[in-house]
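A short write-up of the structure that comes next.
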Amino acid sequence: MTTPRDTHVIFDFDQTLVNHESTLEIVKSAIGERPNAQPMLEQLQLITAKAFSGKASLWEILSVMKMIPYIRKHHIQRYVDTIIGSLDPSLEQTMHNLQREGTHLYILSGGYAECIAPIARSLNIEAQNVIANRLFWAGSRAMCPRPSPLINPGRGKSRIVQQWRKEGRLTGRALIVGDASSDYQVYANGWVDGFVCADYYTKQPMPEMSGHILRADTPRQVHAHIQTLMNERSWRDDRPR
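Each residue of the sequence shown is one higher than the one before, counting from 1 in UniProt numbering.
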């Protein structure tokens, strides 16, 4: 349980903490040496951005899932080793500053916990505060995603944060930082008090929005925007209770 004086910041992962879609990068690595890799990569590129922003059709989501069995544990480890220590320094400093200020940090992602959790651990984010999809494994081979609301992050993220509010896990002021409509929807549905829109990596910026929203054009702006929103006197009074 947390208290009404606590502050919380929920980060998206793909296109927010890293400048790509993590699942796309891992699958690209897994299928890159196959004889039929090129058409598969082209199909994956078209679908993935839509899938992880919550805009993909059921058929498109299933098309991505069909490529999951190409993933092996060493592909995950290779990705993690590449990313740890290579995040934008200003984002790492933002995490450090927020933790020093006593803010609770979370990562909520439509990507996969197998690759996100080790990176979160390197940022001193508690394992219980990392929520993402997970995979079924047969030995070292990925089989398919486990059932999860985040299979469709467009609805799933909001459902999860709603549950946190109801359980008392997210008592106090909370913000979400992300690049996609699935992140904005958490704010629009009233489950957090503000939204930092991460425009700095995405190639498909969100349209204009109103409310307790600030847009970050560079990673260096994220911490200042979080502080500004947290210090605003006027807060949403229509959040569901």
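Even for Gly, the Cβ is constructed at its ideal location relative to N, Cα and C.
{"Item": "Residue 242 in three-state terms, based on DSSP", "Value": "This structure cannot speak to residue 242, because the chain is shown only from 1 to 241."}
{"Item": "Residue 219 and residue 98 closer than 8 angstroms at C-beta", "Value": "no"}
{"Item": "Residue environment, residue 46, which counts as buried when at least 16 other CB atoms sit within 10 Å", "Value": "exposed"}
{"Item": "N-terminal and C-terminal residue of the beta strand (DSSP E) that residue 7 is part of", "Value": "7-11"}
{"Item": "Proximal residues to residue 88 (C-beta, below 6 angstroms), its chain only, five neighbours per side dropped", "Value": "219"}
{"Item": "Option in 118, 103, 170 with minimal Cα separation from residue 76", "Value": "118"}
{"Item": "Limits of the alpha helix (DSSP H) - the one that residue 121 falls within", "Value": "113-122"}
{"Item": "Alpha-carbon spacing of residue 120 relative to residue 132, whole angstroms", "Value": "12 angstroms"}
{"Item": "Proximal residues to residue 29 (C-beta, below 6 angstroms), its chain only, five neighbours per side dropped", "Value": "75"}
{"Item": "Candidates 124, 64, 139, of which the one nearest residue 85 by Cα", "Value": "124"}
{"Item": "Among 200, 188, 229, the one whose alpha carbon lies nearest that of residue 209", "Value": "188"}
{"Item": "C-alpha gap between residue 108 and residue 63, whole angstroms", "Value": "23 angstroms"}
{"Item": "Same chain, Cβ closer than 6 angstroms to residue 159, five either side skipped, listed in chain order", "Value": "149"}
{"Item": "For residue 156 and residue 214, the rounded distance between their alpha carbons", "Value": "23 angstroms"}
{"Item": "Rounded straight-line distance, which links the Cα of residue 199 to that of residue 223", "Value": "14 angstroms"}
{"Item": "Endpoints, alpha helix (DSSP H) assigned at residue 224", "Value": "221-231"}
{"Item": "The stretch 165-174 / the stretch 141-148 touching (three or more Cβ pairs under 8 angstroms)", "Value": "no"}
{"Item": "Option in 103, 180, 176 with minimal Cα separation from residue 126", "Value": "103"}
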